[in-house]
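Visitor: Next up is a structure, given as structure tokens.
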Amino acid sequence: MNTWIALSCHTLMDEFGTLRAADLRYSLNHWTRFEVRHSLNGPYDDDFIVPGLPVEFHCHSIGPYDFTSMTSCNLRDINYLAKAEGILCIPHCFCPITGSITMVLSPDILLDNSTLRSAYPSLEWIFELLIEAGIQPAFGHFVKQQPVQSTEYVRTLLKVAERLVDKVSKHPFLTDHLFNDMPRHFHHAWRTPQEKAQRTNDLKNMHIDNWNWDNLDEVLGEVPAILLRAAREGYLLICLNFDGDHIDLEICRRIVQLLGPDRIIAMTDRTDCNQLGDQKLESHYGNSLRYQNESVLAAGSQSIDQQIHNMRDISLSEEQIWKMTCFVPSRVLNIPLETCTNNPPEACSYVSKSGERFPIYSR
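Taking numbering that gives the first Met the number 0, the leading residue of the sequence shown gets 0, the next gets one more, and so forth.
Structure (structure tokens):
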């Protein structure tokens, strides 16, 4: 990722995704002028400034650093690598550490056959305790055999969100990967060459443009349907992967159409290492995913910038893209993005007419 020594730009996308006329001039590590003006109407296909950096949400490693064991990671080096790439990196750790902002929890520990059912206090109590401590529980790692019971447990936990939604400054809950590690009624990804040969025909038969809020239980399954409805009602944010291999990009496009970008965080599940904890990872021909033994999906490998290009390939707008990759996750992280005060941010992104992105840092 390159950085700019000097530039001049006449458009800024504000923290609400609105393009505004501006007079923006940058030279030698500081802004010489940063004036934001009126909003722009109509289509726009020129360069612009975004008042923030893309967020690598749910990232397993960057460079040689495996985040499964943060005690062996050098945070100074990790920050250096992230800054060089022009991103904010949110490590995804297997063990909670000081400073945690989210925690993946499975409602299925309440299932009758769960060995954890009687080993812990009430799950509602755990969720409420986390939320009040500023940590957002993320629904994930469902079993796939009992979708009706799983849905009921999600509904029980959403009542916690209903009680607390007016007491917290952000959505009480998140999800882990939408559609991954949860029961579904549909095929959500075509990963092998043999599967990809059937993709076009399968997508045609799925009629995804007919998906709507009234038929989600039938076409998607009870668990993803209740999570999407909870997001629409403001109780959680959906984490969605746009690498095209975790979930097919046409399905991602339809979910963005249904839900809108203000309820979605683009997550990468990225790893740069061939190791995840004590598990060696391998690649399979035809996709960008990383697998553990016996072809168990472990992580992805695409960066957030690669996924931004994927979003453009399915004709998502720049407003949709930057909300999901920057503005929404930045609010979860309590990163201020105010731009209407004419105060330049410490870090932002310059997006060229061709879509190439350059980080800009000011002192």
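Note that the Cβ used here is the ideal one computed from N, Cα and C, for glycine as well.
Helix, strand or coil for residue 222? Go by DSSP, reduced to three states.
Guide: If you number the sequence shown from 1, residue 222 lands on position 223. Correct three-state label for residue 222: helix.
Visitor: Between which two residues does the alpha helix (DSSP H) holding residue 30 run?
Guide: As a working note, residue 30 is residue 31 in the sequence shown. Not the alpha helix (DSSP H): residue 30 falls in the beta strand (DSSP E), residues 29-38.
Visitor: If you run the structure through DSSP and keep just helix, strand and coil, what is residue 143?
Guide: As a working mapping, residue 143 is identified with position 144 in the sequence shown. In this structure, residue 143 counts as coil in the three-state DSSP scheme.
Visitor: In whole angstroms, what is the alpha-carbon distance linking residue 1 and residue 361?
Guide: The residue you call residue 1 lines up with position 2 of the sequence shown. The residue you call residue 361 lines up with position 362 of the sequence shown. A caution first: residue 1 carries a pLDDT of 48, below 50, which makes its placement in the model unreliable, though a value can still be read off. Using only the alpha carbons, I get a separation of about 15 angstroms.
Visitor: Return yes when the Cβ of residue 103 is within less than 7 angstroms of the Cβ of residue 62, no when it is not.
Guide: Locating residue 62 in the sequence shown gives position 63, where the first residue counts as 1. Locating residue 103 in the sequence shown gives position 104, where the first residue counts as 1. Contact: no.
Visitor: For the stretch 320-334 against the stretch 254-272, are there 3 or more C-beta pairs whose distance is under 8 angstroms?
Guide: yes
Visitor: Is residue 196 buried or exposed, if buried means 16 or more other CB atoms sit within 10 Å of its CB?
Guide: Here residue 196 refers to the residue found at position 197 of the sequence shown. Counting Cβ neighbours within 10 Å, residue 196 comes out exposed, since fewer than 16 surround it.
Visitor: What beta strand (DSSP E) runs, 3 residues minimum, are completely inside the stretch 41-88?
Guide: 47-49, 54-58
Visitor: In the DSSP assignment, the beta strand (DSSP E) including residue 23 goes from what residue to what residue?
Guide: Taking the sequence shown and counting its residues from 1, the one referred to as residue 23 is at position 24. Segment 18-26, the beta strand (DSSP E) holding residue 23.
Visitor: I'd like the list of long-range same chain contacts for residue 352, defined as Cβ closer than 7 angstroms, with 5 residues on each side in sequence excluded.
Guide: Here the question's residue 352 lines up with position 353 in the sequence shown. Taken in chain order, the residues that qualify are 44, 45, 46.
Visitor: DSSP on residue 308, reduced to helix/strand/coil?
Guide: Sequence index remark: in the sequence shown, residue 308 carries index 309 (1-based). If DSSP states are grouped into helix, strand and coil, residue 308 belongs with the helices.
Visitor: Identify the continuous beta strand (DSSP E) that holds residue 265 and give its terminal residues.
Guide: Counting from one through the sequence shown, the residue named residue 265 turns up at place 266. Per DSSP, the unbroken beta strand (DSSP E) holding residue 265 starts and ends at 263-266.
Visitor: On the DSSP letters alone, give me the boundaries of the alpha helix (DSSP H) that residue 101 sits inside.
Guide: Mapped onto the sequence shown, residue 101 falls at position 102. Counting along the chain, residue 101 falls outside any alpha helix (DSSP H), though it belongs to the beta strand (DSSP E) covering 101-104.
Visitor: Around the Cβ of residue 233, are there at least 16 other Cβ atoms within 10 angstroms (buried) or fewer (exposed)?
Guide: Along the sequence shown, one-based indexing puts residue 233 at 234. Exposed: under 16 other Cβ atoms inside 10 Å.
Visitor: Is residue 6 near residue 21, with beta carbons less than 7 angstroms apart?
Guide: Counting from 1 along the sequence shown, the entry for residue 6 is found at position 7. Counting from 1 along the sequence shown, the entry for residue 21 is found at position 22. Going by beta carbons, residue 6 and residue 21 fall outside the 7 angstroms limit.
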